[in-house]
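Count along the sequence shown from 1, then add 17; that gives the number in the numbering used here. First the structure, in the form of structure tokens, and then the observations on it.
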Amino acid sequence: MIPAQPDAVSLALQRVMRARQLTMLTADGRSTTELVLAEVLNNVVEHAYARYPGEIELRLTVDPACLHCQIIDSGLPMPEERLPAGDPPNLGGDLPEGGFGWNLIRTLTTGLEYHRLAGRNYLQFSLPV
Numbered sequence: 018m019i020p021a022q023p024d025a026v027s028l029a030l031q032r033v034m035r036a037r038q039l040t041m042l043t044a045d046g047r048s049t050t051e052l053v054l055a056e057v058l059n060n061v062v063e064h065a066y067a068r069y070p071g072e073i074e075l076r077l078t079v080d081p082a083c084l085h086c087q088i089i090d091s092g093l094p095m096p097e098e099r100l101p102a103g104d105p106p107n108l109g110g111d112l113p114e115g116g117f118g119w120n121l122i123r124t125l126t127t128g129l130e131y132h133r134l135a136g137r138n139y140l141q142f143s144l145p146v
């Protein structure tokens, strides 16, 4: 379990990236994995637990083709209880502060799914290895 705090997410990400089960990832695979997990976990901290503290559960399984990820939390649901569209932000004029995350996540993952069950959010996706 990861406390839903930015520093705790950063430390957990460092531990995950050193895990033996991820040693078979290529350098690009490691970079992509770290980027996507950081974006997803920080979204949970900033949005699902914006109003109160909580914990994030991260489950990883590896097969020869993919790293399968599942993130579970008890925070606020996603708006309308579905994944954001992930449209690319409009880059005309001043660059936005945010808005790149879900586009990035959708671009780099496969099998991206979200559902809410019994007050818990479940997000799952796979990353090629």
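Glycine included, every Cβ here is placed at the ideal spot set by N, Cα and C.
Quick one: is residue 140 buried, meaning 16 or more other Cβ sit within 10 Å of its Cβ, or exposed?
On the sequence shown, residue 140 is found 123 positions in, with the first residue counted as 1. By the neighbour-count rule (16 or more Cβ atoms within 10 Å), residue 140 is buried.
Taking the beta strand (DSSP E) that residue 24 falls in, what are its first and last residues?
Your numbering for residue 24 matches position 7 in the sequence shown. Looking at the DSSP string, residue 24 is not in any beta strand (DSSP E); the run it does join, the alpha helix (DSSP H), is 23 to 35.
Reducing DSSP to helix, strand and coil, say where residue 143 ends up.
Here residue 143 corresponds to residue number 126 of the sequence shown, with the count starting at 1. Note: residue 143 maps to strand in three-state DSSP.
Per DSSP, cross-strand counterpart(s) of residue 79
Counting from one through the sequence shown, the residue named residue 79 turns up at place 62. 84, per the DSSP bridge assignment.
Is the separation between the beta-carbon of residue 143 and that of residue 124 shorter than 8 angstroms?
Stepping through the sequence shown from its first residue, residue 143 is reached at position 126. Stepping through the sequence shown from its first residue, residue 124 is reached at position 107. Going by C-beta atoms, residue 143 is not nearer than 8 angstroms to residue 124.
When DSSP builds the beta bridges, which residues end up paired with residue 74?
Counting from one through the sequence shown, the residue named residue 74 turns up at place 57. 89.
Leaving aside the five residues before and after residue 70 along the sequence, list all residues of the same chain whose C-beta is less than 7 angstroms from its C-beta, in chain order.
Within the sequence shown, the letter at position 53 stands for residue 70. Within the same chain, residue 70 has close Cβ partners 21.
Assumed close pair residue 133, residue 97 - CB separation to whole angstroms, cut-off 8 angstroms:
By one-based count along the sequence shown, residue 133 stands at place 116. By one-based count along the sequence shown, residue 97 stands at place 80. Contact doesn't hold; Cβ gap of about 11 angstroms is too wide.
Would you call the stretch 23 to 38 in contact with the stretch 48 to 62, where contact means no fewer than 3 C-beta pairs closer than 8 angstroms?
yes
For residue 124, the three-state DSSP class (helix, strand or coil)
Position 107 of the sequence shown, counting from 1, holds the residue named residue 124. The answer is helix: DSSP assigns residue 124 an H, G or I state.
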